[in-house]
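Scroll down for the structure; my scribbles are underneath it.
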Amino acid sequence: MKRALTPGTFDPITSGHLDVITRAAQLVDEVVVAVAASPKKQPLFSLEERADLVCQATKHLSNVRVVPFDDLLVDFAEKMGATVVIKGLRAITDFEYEFQMTALNYQLNQALETLFIMSPPQYMYLSSSIVREIASLGGDVAQFVPECVNEALLKKFSA
Ligand code: PNS
Numbered sequence: 046m047k048r049a050l051t052p053g054t055f056d057p058i059t060s061g062h063l064d065v066i067t068r069a070a071q072l073v074d075e076v077v078v079a080v081a082a083s084p085k086k087q088p089l090f091s092l093e094e095r096a097d098l099v100c101q102a103t104k105h106l107s108n109v110r111v112v113p114f115d116d117l118l119v120d121f122a123e124k125m126g127a128t129v130v131i132k133g134l135r136a137i138t139d140f141e142y143e144f145q146m147t148a149l150n151y152q153l154n155q156a157l158e159t160l161f162i163m164s165p166p167q168y169m170y171l172s173s174s175i176v177r178e179i180a181s182l183g184g185d186v187a188q189f190v191p192e193c194v195n196e197a198l199l200k201k202f203s204a
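Below, the structure is given as structure tokens:
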């Protein structure tokens, strides 16, 4: 049983995230989408809301489950019995940050591999922070996010 983690803050999940999760689910037996608490990022959506949106967006994928976490990624991976972390890699600007996290995670646990899936061109410049900004200013983000997220953003910013 090959189990992978796809970690992130998912504030909120975008179509780019969903592309990575879908492709990861084709490579391993089970994908655990690890939704990080990330308190320092002061997320727009609560951890429960973010995990719920990821659940709704991935409900058609039978080998994907969603688990929130607030510990070290390497510890959480061990707890879940995952031996690989799969992440998306977008434009070159992602590289430095991802390289740092991958190197440190590897130093903390050499048994945990990190693999990257390249974003397709349409998601190369898509991020949760840009989606939040567009939505907060009344822009239409329907083409960038799953339907449930579009609805949640409309609700969040209509208040
Ligand atoms: O979507 P994000 O915010 O870029 O994802 C970053 C995330 C959640 C993968 C990263 O912050 C993480 O792994 N957090 C868990 C705490 C941890 O292990 N920190 C040390 C990383 S070297």
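Here the sequence shown stands for residues 46 to 204, numbered as in our numbering.
Glycine is no exception: its CB is placed at the ideal position from the N, C-alpha and C atoms.
Remember, predicted model here, so these are calculated numbers, not experimental data.
Where the beta strand (DSSP E) through residue i begins and ends
| i | result |
| --- | --- |
| residue 50 | 48-53 |
Per DSSP, cross-strand counterpart(s) of residue i
| i | result |
| --- | --- |
| residue 110 | 77 |
| residue 158 | 129 |
| residue 163 | 134 |
Whether residue i touches residue j by CB criterion (8 Å)
| i | j | result |
| --- | --- | --- |
| residue 134 | residue 141 | no |
| residue 77 | residue 112 | yes |
| residue 176 | residue 49 | no |
| residue 74 | residue 46 | yes |
| residue 57 | residue 95 | yes |
| residue 99 | residue 70 | no |
| residue 128 | residue 158 | yes |
Whole-Å CB distance - residue i paired with residue j, under 8 Å assumed
| i | j | result |
| --- | --- | --- |
| residue 190 | residue 59 | 5 Å |
| residue 156 | residue 121 | So it is not a contact: roughly 14 Å between Cβ atoms. |
Start-to-end residues for the alpha helix (DSSP H) that takes in residue i
| i | result |
| --- | --- |
| residue 66 | 60-70 |
| residue 152 | 140-153 |
| residue 97 | 92-102 |
Min CB distance residue i to chain B below 8 Å
| i | result |
| --- | --- |
| residue 154 | The structure shown has no chain B; it contains just one protein chain. |
Task: Segments of 3+ residues assigned as beta strand (DSSP E) that fall wholly inside the region 178-202 - done: none
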